[in-house]
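Note that the protein sequences, when read in sequence, are chains A, B and C. Numbered by the working numbering, the letters in the first sequence go through residues 476 to 727 in order. Numbered by the working numbering, the letters in the second sequence go through residues 14 to 215 in order. Numbered by the working numbering, the letters in the third sequence go through residues 14 to 215 in order. Positions of the beta carbon are idealized from the N, C-alpha and C atoms, including for glycine. Notes to accompany the following structure.
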Amino acid sequence: MSYNVKLEAFEGPLDLLLHLINRLEIDIYDIPMAELTNQYIEHLHTMRVLQLDELSEYLVLAATLIEIKSKMLLPVHEGDVFDDDGTDFEPEEDPREELIARILEYKQYKEAAVQLKESAEERAVHFTKQPSDMENYGSIPQADPAEELDVFDLVSAFQKMLHRRRLKAPLSASITNNERSVGEKMDEIMGVIVRKGGHCVFDELFEEGDTGGLVVTFLSILELMKRRDVVVRQQGNFDRLLISLAIGGTEG
Amino acid sequence: MNDSKRLAAVLESFLFVAGEEGLTLKQLAALSVCTEGEVTEALDGLLAAYESREDSGITLRQYGGGFQLVTKAEFAEDMKRLFENPPAKLMTQAALEVLAIIAYKQPVTRVEVDEIRGVKSERAIQTLASKGFITEKGRLEASGRPILYATTPYFLDRFGLNSLEDLPPLLLENEEEEDTDLFLTKFQDMLEAQDEEGGSDA
Amino acid sequence: MNDSKRLAAVLESFLFVAGEEGLTLKQLAALSVCTEGEVTEALDGLLAAYESREDSGITLRQYGGGFQLVTKAEFAEDMKRLFENPPAKLMTQAALEVLAIIAYKQPVTRVEVDEIRGVKSERAIQTLASKGFITEKGRLEASGRPILYATTPYFLDRFGLNSLEDLPPLLLENEEEEDTDLFLTKFQDMLEAQDEEGGSDA
Chain A
476 MSYNVKLEAF EGPLDLLLHL INRLEIDIYD IPMAELTNQY IEHLHTMRVL QLDELSEYLV
536 LAATLIEIKS KMLLPVHEGD VFDDDGTDFE PEEDPREELI ARILEYKQYK EAAVQLKESA
596 EERAVHFTKQ PSDMENYGSI PQADPAEELD VFDLVSAFQK MLHRRRLKAP LSASITNNER
656 SVGEKMDEIM GVIVRKGGHC VFDELFEEGD TGGLVVTFLS ILELMKRRDV VVRQQGNFDR
716 LLISLAIGGT EG
Chain B
14 MNDSKRLAAV LESFLFVAGE EGLTLKQLAA LSVCTEGEVT EALDGLLAAY ESREDSGITL
74 RQYGGGFQLV TKAEFAEDMK RLFENPPAKL MTQAALEVLA IIAYKQPVTR VEVDEIRGVK
134 SERAIQTLAS KGFITEKGRL EASGRPILYA TTPYFLDRFG LNSLEDLPPL LLENEEEEDT
194 DLFLTKFQDM LEAQDEEGGS DA
Chain C
14 MNDSKRLAAV LESFLFVAGE EGLTLKQLAA LSVCTEGEVT EALDGLLAAY ESREDSGITL
74 RQYGGGFQLV TKAEFAEDMK RLFENPPAKL MTQAALEVLA IIAYKQPVTR VEVDEIRGVK
134 SERAIQTLAS KGFITEKGRL EASGRPILYA TTPYFLDRFG LNSLEDLPPL LLENEEEEDT
194 DLFLTKFQDM LEAQDEEGGS DA
């Protein structure tokens, strides 16, 4: 079970290295290899709970660090390197150069990722609407959905829908929470019928749009009928239903 | 900021996002944390502003129990240009959504597709069938015996897939916190319904 | 009616209908039968009007090359009542890093991404593809013909970018100046190297 635990959320060996460089306030262009290597390996020990495949990636970098460190310990090329005027200076390649380049490149993208995230967050405060349904206007969609499209457009379309649905899903839930209970709704319906002079067209009670509300209204009417507080009549087939206050309710 | 103007602006943004579905007075009041009276007043103001502004292409409409933003009737002719010659992107999104759902969840009924999308998909299904991307695949043994839809070999061909297994996996891992919302969970359940019980991921 | 105001109104109604799909300048010009210059001017006017009106809840933005109407940022908190669940954490740090690398270096292979990060990125790439942020873009003409990845227009939209040129420039740590520093530093190192070697670990 402990295999899965990550001590700290490092995104890989380079991320750990960057973290150490920042923490130790190391000049990235002048890395003290011995210190950094020690710290890195020490950190690996405390992170020994890493998954094996991740660990191997950390170990590869550890090996690189050790290699660089040992290269730097080798005696510097004798001879003309230390000429006073430097004319004969032959720039020996710094064994750290490649590492520095890698760290810098990784750092660039790590910072770019932060900016991307900020950019996405800025975008996320603006909400949009679904395209209007053109079928309402009588147009016939004839576009070939596969024209110059690939399977990733399919995925994009799907994700777009998920995103939209994700935003919308709670709407009905939050509205339903505001709905009255059946008891409250029954009182409300009785009030409406009384105000309308004792009669009310069935449909008039169902003017609200959301399903939850409609269900509550319907249940309330059924309950009122059951209690014989109201009577529902229909003149003929397909006629509108009329709800009336029950005269001299038979309750009791 | 002037409070009544702010309320008008908030109502406009709610109505905008709700689009064609519209919102009832009650919903608007709940969402804006105002009384229905205040909302009614603000909506009157909005409507007056839309109608008086010459540079406004939209206006407010009341229907049944609700309100919705709509394009002004006077631009019907211009709208017609859009509907008669719609940009491909506008037309394909619906069809692609339906196709994606059918591809991943086949065989599936129209009602199920509607439920996942939250809108009617009949038209898109017709279009897809007439293009040969999907086909009927028997009927569900349930009341009404609804038609089951599945993708065709032509679909695979056009999207460069060898088999349905080549469809990129949809993101259904719990790892991504983003997706632990109600809807996706529900969708996940639907997809995995046949499979295992949701055992503990120790 | 004032023509430029009418154009603004017509554009608003098109943009309203298109919603999140947006419309490009070119499409708007074609649909409104105006020049792109006229449309640009009218859009500028619309934007200024939205931004100055206190009773306006919407405004204009350009994402992924298309113009779209969106709700104003200042009402984000109110909008959250409509959605309840805040629209989520974006994605993991790993996925963001991979996305950044692909965005800047596209088209790029998985191996290149792995090398920059020093870790395997396969899973993150899968996540990004299934979210529709990246797509396969052909194959590299090299041994194994590895897949090349690139970002999608959907990525631009969700990250609030109009085009890839809008990506913030990578911070190059002032390479020019640093180069000379590096040289000097290096030289110093070498001078100091001898001293250090004796003392430290071995």
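DSSP places B:E54 in the helix class (H, G or I) of the three-state scheme. For B:P181, the nearest beta carbon of chain A is closer than 9 Å to its own beta carbon. With respect to the 9 Å criterion, C:T148 and C:T164 are classified as neighbours on the basis of their beta carbons. According to the DSSP secondary-structure assignment, C:V121 is paired through a beta bridge with C:Y162. Separation of B:L82 and C:R152 (C-alpha to C-alpha, rounded to the nearest whole angstrom) is 47 Å. Contact between C:R171 and A:R639 fails: their C-beta atoms lie close to 12 Å from each other, not under 8 Å. Per DSSP, the unbroken beta strand (DSSP E) holding C:E149 starts and ends at I147 to R152. Comparing C-alpha distances from C:K150 to each of A:F602, A:D628 and A:E586 shows the shortest one belongs to A:D628.
By the Cβ neighbour-count rule, B:I138 is buried, with 16 or more other Cβ atoms within 10 Å of its own. Under the DSSP assignment, A:I578 falls in the alpha helix (DSSP H) whose first and last residues are E572 to A599. By the C-beta density criterion, B:A101 is exposed, having fewer than 16 other C-beta atoms within 10 angstroms. Within the model, the alpha-carbon separation for B:G78 versus A:R702 is close to 28 Å. Annotation note: the stretch 69-96 of chain B contains the following uninterrupted beta strand (DSSP E) runs of length 3 or greater, listed N- to C-terminal: 71-76 and 79-84. A distance below 7 Å between beta-carbons, with the five flanking residues on each side excluded, links B:D127 to the following residues of its chain, in chain order: K133 and S134.
Scanning the stretch 482-510 of chain A from its first residue to its last, the whole alpha helix (DSSP H) runs of 4-plus residues come out as 488-498.
Ranking B:V124, B:A108 and B:S45 by CA distance to the CA of B:G157 puts B:V124 first.
Within chain B, the residues whose beta carbon sits less than 7 Å from that of C:A31 are L103, listed in sequence order.
Counting of Cβ neighbours within 10 angstroms places B:Y76 among the exposed residues, the total staying below 16.
Remark: fewer than three beta-carbon pairs, one from each stretch, lie closer than 8 Å, so the stretch 38-53 of chain B and the stretch 567-578 of chain A are not flagged as touching.
Listed along chain B are F172 and G173, each with a C-beta nearer than 8 Å to that of A:D625. Exclusion of the five residues before and after C:F29 leaves L82 as the residues of its chain whose Cβ lies within less than 8 Å of its Cβ.
Looking from the CA of C:L180, the closest CA among C:S143, C:Q119 and C:L44 belongs to C:Q119.
Excluding five sequence positions before and after C:F168, the CB atoms of its chain that fall closer than 6 Å to its own CB belong to F146, given in chain order.
Closest in C-alpha terms to A:H601, from the list C:A113, C:K85 and C:A108, comes C:K85. Below 8 Å, enough C-beta pairs join the stretch 91-100 of chain B and the stretch 20-28 of chain C to call them touching: three or more.
Assigned with DSSP and collapsed to three states, A:I722 falls in coil, not helix or strand. For the stretch 106-140 of chain C, residues whose beta-carbon sits nearer than 8 Å to a beta-carbon of chain A comprise Q106, A107, L109, E110, L112, A113, I114, A116, Y117, I129, R130, G131, V132 and K133. Listed as beta-bridge partners of A:R708 by DSSP are A:L717.
The residues I114, in chain order, have a CB closer than 6 Å to that of B:I129 in the same chain once the five nearest residues on each side in sequence are set aside. The C-beta distance from B:L36 to B:F96 rounds to 25 Å, too long to fall under 8 Å, and the pair is not in contact. A:S607 reaches chain B at G32 and E33, counting residues in chain order whose Cβ is nearer than 7 Å. In this structure C:L183 touches A:A587 by the C-beta definition: roughly 6 Å separates them, less than 8 Å. DSSP places C:V46 in the coil class of the three-state scheme, outside both helix and strand.
Residues A21 of the same chain have their beta carbon placed closer than 6 Å to that of C:G58, with the five preceding and five following residues left out of the count.
Contact between B:E110 and A:F633 holds, since their C-beta atoms are separated by about 6 Å, short of 8 Å. By the criterion of a C-beta distance shorter than 7 Å, A:C675 is surrounded in its chain by V667, I668 and I718, once the five residues flanking it on both sides are discounted.
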